[in-house]
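Presented below is the structure to which this report refers.
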Amino acid sequence: MLYVMGGDEGPLKIGRALRPKSRLHSVQTGSPRLIRLLFEAQAPDGLDAEAEALAHMALRESWVSGEWFAVPLDTARSAINEAIHAAARGERAFGKSMGRKPLGGTGEKTVMVPMRWAPALLARVDEARGDRDRAAWIREAVAEKLDRESGDQR
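Heads up, the sequence shown is in our numbering, so the first residue is 793 and it goes up one at a time.
Pasting the structure below:
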C-alpha cells in the first residue's frame with residue numbers, strides 16, 4: 793500500500809507500508825507536529841516498492857529529505873497513481889529489472905527518464921503509434937533519429 797502523510801503545512805511523506813495507519817503512529821511518535829494519513833493507494837501485488845521508487849523519482853525535484861517532498865497533496869496523489877500504472881506496465885526506476893527481461897532484448901539494464909510533454913505533442917505521438925506501446929514507440933523513434941543523424945544504420 794502506498795501512502796501520503798503530512799501535517800497542515802510543510803512537506804509530505806510518500807512511502808509504502810502494509811498497514812499505513814500503523815506506520816502513521818510510528819511517524820507521529822518522532823514528529824512534534826500533528827501528522828495525518830492523507831491518501832492511500834494499492835499497487836498490484838509485488839509492485840509496491842517499484843511504484844514507490846517511481847513516485848519518488850517523479851517528485852525528485854521537490855525532495856526535502858528521506859521520503860519527504862515539498863509538493864501539494866494533489867501532486868503527491870497524481871505521482872502515486874501514475875507510478876502505480878507505470879509499474880503495472882513494467883516500467884522500472886533506476887535501471888532495476890525486478891526479475892523481468894531488460895527492454896529491447898539487448899540484455900542491458902534500462903533507466904527511466906521522466907519527461908514533461910506538451911499535450912499536443914503527446915497527442916501526435918499517440919496518433920502515430922497506433923496501438924503500439926507508447927514508451928516502446930518513443931524509444932524506437934529516438935533510436936531511428938539518432939541512427940539517421942549519425943549515418944549508422946543498424
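Don't be surprised by glycine CBs; every beta carbon is placed ideally from N, CA and C.
Every value quoted in this text rests on a predicted model; they were computed, and no experiment measured them.
Considering only C-alpha positions, which residue in the set the options is nearest to residue i?
i, options, result
"Gly-882", "Asp-800, Arg-808 and Ala-927", "Ala-927"
"Ala-843", "Met-793, Ala-862 and Asp-925", "Met-793"
"Gln-820", "Ala-885, Ala-912 and Lys-805", "Lys-805"
"Arg-828", "Leu-865, Leu-839 and Trp-929", "Leu-865"
"Pro-836", "Thr-867, Glu-936, Arg-869 and Ala-878", "Ala-878"
"Val-863", "Glu-801, Trp-929, Lys-937 and Ser-942", "Glu-801"
"Gly-838", "Ser-818, Leu-810, Lys-937 and Arg-940", "Leu-810"
Taking 7 angstroms as the limit between beta carbons, can you name the residues of its chain near residue i, skipping five residues before and five after?
i, result
"Arg-825", "Gly-799"
"Gln-834", "Met-793"
Note the first and the last residue of the continuous alpha helix (DSSP H) segment covering residue i.
i, result
"Ala-933", "926-942"
"Ser-854", "Careful: Ser-854 lies outside any alpha helix (DSSP H) and carries neither H nor E."
"Ala-875", "865-880"
"Leu-839", "Element bounds for Leu-839: n/a, residue is neither H nor E."
"Ser-823", "Counting along the chain, Ser-823 falls outside any alpha helix (DSSP H), and DSSP gives it neither H nor E."
"Ala-912", "911-921"
Using DSSP bridges, identify the partner residues of residue i.
i, result
"Gly-807", "Tyr-795"
"Ala-833", "Leu-794"
"Trp-860", "Lys-805 and Ser-857"
"Arg-828", "Gly-798"
Report the CB separation of residue i from residue j in whole angstroms; it is logged as a contact under 8 angstroms.
i, j, result
"Tyr-795", "Glu-832", "5 angstroms"
"Leu-846", "Ala-910", "Wrong, their Cβ atoms sit about 22 angstroms apart, outside the cutoff."
"Val-856", "Pro-812", "Not a contact, Cβ separation roughly 20 angstroms."
"Ala-880", "Ala-850", "Rounded, the Cβ-Cβ distance is 15 angstroms, inconsistent with contact."
In chain order, what residues of the same chain lie with their CB nearer than 8 angstroms to the CB of residue i, ignoring the 5 residues before and after it?
i, result
"Gly-807", "Leu-794, Tyr-795, Met-797, Arg-815, Glu-844 and Glu-859"
Apart from the five residues on each side of it in sequence, which residues of its chain come closer than 6 angstroms, Cβ to Cβ, to residue i?
i, result
"Ser-823", "none"
"Arg-921", "Trp-929"
"Arg-869", "Phe-831"
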